[in-house]
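Worksheet: the structure to be examined is printed underneath.
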Amino acid sequence: EQAQLRAGVVEEDTEEWQKDSRFTGLERVGGVDLSYIKGDDTSACASLVVLSYPALEVLYEDCRMVAVSAQYVAGFLAFRVQKMTFLFWLFQVLLVDGNGLLHPRGFGVACHLGVLTDLPCIGVAKNLLQVDGLVRDELHREQIRSLQREGDTFPLTGTSGRVLGMVLRSYNNSSKPLYISVGHRVCLETAVRLVKSCCRYRIPEPIRQ
Numbered sequence: 000e001q002a003q004l005r006a007g008v009v010e011e012d013t014e015e016w017q018k019d020s021r022f023t024g025l026e027r028v029g030g031v032d033l034s035y036i037k038g039d040d041t042s043a044c045a046s047l048v049v050l051s052y053p054a055l056e057v058l059y060e061d062c063r064m065v066a067v068s069a070q071y072v073a074g075f076l077a078f079r080v081q082k083m084t085f086l087f088w089l090f091q092v093l094l095v096d097g098n099g100l101l102h103p104r105g106f107g108v109a110c111h112l113g114v115l116t117d118l119p120c121i122g123v124a125k126n127l128l129q130v131d132g133l134v135r136d137e138l139h140r141e142q143i144r145s146l147q148r149e150g151d152t153f154p155l156t157g158t159s160g161r162v163l164g165m166v167l168r169s170y171n172n173s174s175k176p177l178y179i180s181v182g183h184r185v186c187l188e189t190a191v192r193l194v195k196s197c198c199r200y201r202i203p204e205p206i207r208q
């Protein structure tokens, strides 16, 4: 089943607003995040937030406690988002706290959510997932140090030669980057531009909220 879903991932822009340098036509951005409970490895709070764009004001919030397992969480989040399809006007793109194509099977939670809901989705991770030869070694740390100002990036190219994501310095006051990857129905360049435009601090507002 996952192989079939993975085959459905679209790695290019499909919406008119994505083609505009200012994302004209984009009015609502969703964010999906998992907050883990201190001292509890078995449960987490899965939250869905919808913000206006470009003002980034909260329009909708929902949060549920979930049991923690990668498969269950992905399925649960997809179910929660699918339940909201009758409120489709609420959001046009989802930023997901996690990975998309930057994943051991090339199908992280951002891809899973995107394909199941057929929404543009972007993976926004706070740490590097070490796949396809990508490692947190001295070379990687040196590349991070080369990101001098917000908006600076470098590609994550695996040993396969495939670009799996982009490292983004999203905020001048933090040297810790974000790891952006395609989830569904968006190209990597557009994903990076949109995430950067949603950042007031290091973490983009739809996820930080």
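So for the sequence shown, this note's numbering puts the first residue at 0; every next one is plus one.
Just so it is clear, CB atoms sit at the ideal spot from N, CA and C, and this is done for glycine as well.
query: Stretch-stretch touch, CB-based, cutoff 8 Å, three pairs: the region 170-178 with the region 191-206; result: yes
query: Length of the line joining the Cα atoms of Q147 and R168; result: 8 Å
query: CA-to-CA distance, A2 to F22, given in whole angstroms; result: 32 Å
query: Backbone secondary structure at T189 - three-state DSSP; result: helix
query: Start and end residues, alpha helix (DSSP H) containing C110; result: V108 to T116
query: Rounded Cβ spacing between V95 and C120 (contact assumed at less than 8 Å); result: 6 Å
query: Residues near I206 in its chain [Cβ-Cβ closer than 7 Å; skip 5 each side]; result: G30, D32, L94, D96 and V123
query: Where the alpha helix (DSSP H) containing P205 begins and where it ends; result: E204 to R207
query: DSSP three-state assignment for R27, whether helix, strand or coil; result: strand
query: Exposed unless 16 or more other CB atoms sit within 10 angstroms - verdict on T189; result: buried
query: Own chain partners of F153 with C-beta closer than 8 Å, once the 5 adjacent residues on each side are dropped; result: Q142, S145, L146, M165 and V166
query: E137 versus L128 - alpha carbon distance; result: 16 Å
query: Nearest neighbour of M64, chosen from P53, Y35, L50 and S51 [CA to CA]; result: Y35
query: Local conformation of L86 per DSSP, three classes; result: Model confidence at L86 stands at a pLDDT of 47, short of 50, so the residue's coordinates are unreliable; what they give is reported in the following sentence. DSSP places L86 in helix when its eight states are reduced to three.
query: Neighbourhood of G99 by C-beta distance below 6 Å, restricted to the same chain and skipping five residues each side; result: G107, A109, C110, G122, S180, V181 and G182
query: Nearest-angstrom Cα separation, counted from S196 out to C186; result: 16 Å
query: DSSP-derived helix/strand/coil call for H209; result: This structure leaves residue 209 out entirely; the chain is present only between 0 and 208.
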